[in-house]
Amino acid sequence: MRVDVQVHLVGGGTCHGRVEVQYRGTWGTVCDDFWELQDAEVVCRQLSCGSAVSAPGNAQYGAGSGQIWMDNVQCSGSESQLSQCRQNGWGTHDCSHVEDASVICSQGVEVRLVGGGNACQGRVEVLYGRSWGTVCDDVWDLQDAEVVCRQLGCGSAVSALGNAFYGVGSGRIWMDNVQCNGSESQLSLCRQNGWGTHDCSHVEDASVICSRGVEVRLVGGGNACQGRVEVLYRKIWGTVCDDFWDLQDAEVVCHQLGCGSAVSALGNAFYGVGSGRIWMDNVQCNGSESQLSQCRQNGWGTHDCSHVEDASVICSRGVEVRLVGGGNACQGRVEVLYRKIWGTVCDDFWELQDAEVVCRQLSCGSAVSAPGNARYGAGSGRIWMDNVQCNGSESQLSLCRQNGWGAHDCSHVEDASVVCSHGIYFQLCIYVHNP
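Taking our numbering, the leading residue of the sequence shown gets 116, the next gets one more, and so forth.
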């Protein structure tokens, strides 16, 4: 007679631990006599924990208590539930809890990267049984690293390193001669010598750099969203050469940094020359990548340029806006910071929708008016924007349509201004305080 019983794993995690079954409302254990990988496979399938990695006995996850429900379990491996497998009979056994059976499923073998400064680069360590251990670098390659990166949600593999690049581990060495085909969902599903079977020491610990582990920053621009592009690869910050550097490449950088859209992709070390390594050259992104490290390039550290060709980026959130001459931060002449220089905006087509974007960007409430003709005085220097046409929903003024940065046919007597609702409130407060 088919009996449906619940199964859970205790003492390890959801997908590894001592096997317990609930029969007639009472939880009990399973004896390890004849317990093998086919039996464990059924448990892993029933729990949606992937494939069976091992079937330990001898109460590896600690001795249970109370009932021992199953003994001499013999599954074919195709059953959907453990209760469908042959056994002595419920509660019929000749063992004690020191023989409690356990299971380690593929999804129960956790993976982490250690020593790399973030969760997506570092020395590979796996949790097998109840102990963390390392992986030997013998035949370790990019296909193996790809599986680790996928399992961790860290994007694609950028590098598969050996020789304890991120420092030597300690304790167990769990895997050696790992050979993944690259499509596995967990490292534990890859071919290897066998858990704990190896001929190496910790000086051969394997490491991984995933695409999301290659950090990016913008330097020298005055804020986090504009500046010289620098990437952190192999624990060292370095620059990017400007060969083939264009707006699609800049778009990926801005997206990765949460800095909005790309406004400009600059070369010739516009934000100053970097120093040290030049990590990337001939970068060619299609613009849809989530990290710069996923874009095509010569190869890490392979270049024919110097730091006078360092690439830079200006993102939409890096183009700062301020209101000048109005007595408070929420009304006045509109000025934008582009390429390290403050400049004004021409009033051609300037209207309330454009002003609304400025007020939103400055957290100044809603737009009340959009005066032209240098209402708050004529500015000086550059005129950065002309024929601005916002739809009103943009988060930054730099995202609005315009002629192009610095392209205009006006003078400062046409400087655009904005009055935001918070600007009137501040002015009223000052008047009430000083009537």
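Every residue gets a Cβ at the ideal spot worked out from N, C-alpha and C, and that includes glycine.
Query                                                                                                                    : Result
Minimum C-alpha distance to G230 - residue among L452, D253 and A279                                                     : A279
Rounded separation between S484 and L438 - CA only                                                                       : 13 Å
Endpoints, the beta strand (DSSP E) within which C220 is located                                                         : S217 to C220
Burial state of G433, where buried means 16 or more other Cβ atoms lie within 10 Å                                       : buried
Ordered list of beta strand (DSSP E) runs contained in the region 394-435, each at least 3 residues                      : 427-430
Helix, strand or coil at V145 according to DSSP, with G and I counted as helix                                           : strand
Residue of Q196, C146 and C159 minimising C-alpha distance to I183                                                       : C146
Residue burial classification, D462 (beta-carbon count within 10 angstroms, cutoff 16)                                   : buried
Whether V122 touches V158 by CB criterion (8 Å)                                                                          : yes
Neighbourhood of G335 by C-beta distance below 6 Å, restricted to the same chain and skipping five residues each side    : G342, R343, Y386 and G387
Beta strand (DSSP E) segments (min. 3 residues) lying fully within the region 146-170                                    : 167-169
Under the three-state DSSP convention, the category D259 falls into                                                      : helix
Member of G127, W457, I429 and D209 whose CA lies at the smallest distance from the CA of S362                           : The sequence shown places Leu at residue 362, rather than the Ser named in the question. When each option's Cα is compared against that of L362, the closest is I429.
Touching by the beta-carbon criterion (3+ pairs, under 8 Å), the region 296-309 and the region 259-270                   : yes
Three-state secondary structure (DSSP) of L347                                                                           : strand
contact_flag[the region 186-203, the region 284-295] where n(CB pairs < 8 Å) is 3 or more                                : no
Which residues DSSP lists as bridging Y176, in chain order                                                               : Paired residues: none, contrary to the question.
Terminal residues of the beta strand (DSSP E) in which Q121 lies                                                         : Q121 to G128
Buried versus exposed call for R139 [16 or more other C-beta atoms within 10 Å across all chains shown]                  : exposed
Backbone secondary structure at C445 - three-state DSSP                                                                  : coil
Opening and closing residue of the alpha helix (DSSP H) in which R475 lies                                               : L467 to Q476
Residue from G143, Q137, G172 and R287 whose Cα sits closest to the Cα of D154                                           : G172
Cβ neighbour criterion (16 or more within 10 Å) applied to A522                                                          : exposed
DSSP-derived helix/strand/coil call for V528                                                                             : helix
V254 beta carbon near the ligand FAD (any heavy atom closer than 7 Å)                                                    : For the ligand FAD, the structure offers nothing, since it holds no ligand at all.
Closest by C-alpha distance to C479, when choosing among K350, S513 and V436                                             : V436
Contact set for N488: own chain, Cβ-Cβ below 6 Å, skip 5 residues either direction                                       : none
Bounding residues of the alpha helix (DSSP H) (the contiguous stretch that carries C369)                                 : L362 to L372
Cut-off 6 Å between Cβ atoms - residues of its own chain near D357, not counting five sequence neighbours on either side : G382, E424 and A426
Residue interval of the beta strand (DSSP E) (run including L333)                                                        : E330 to N338
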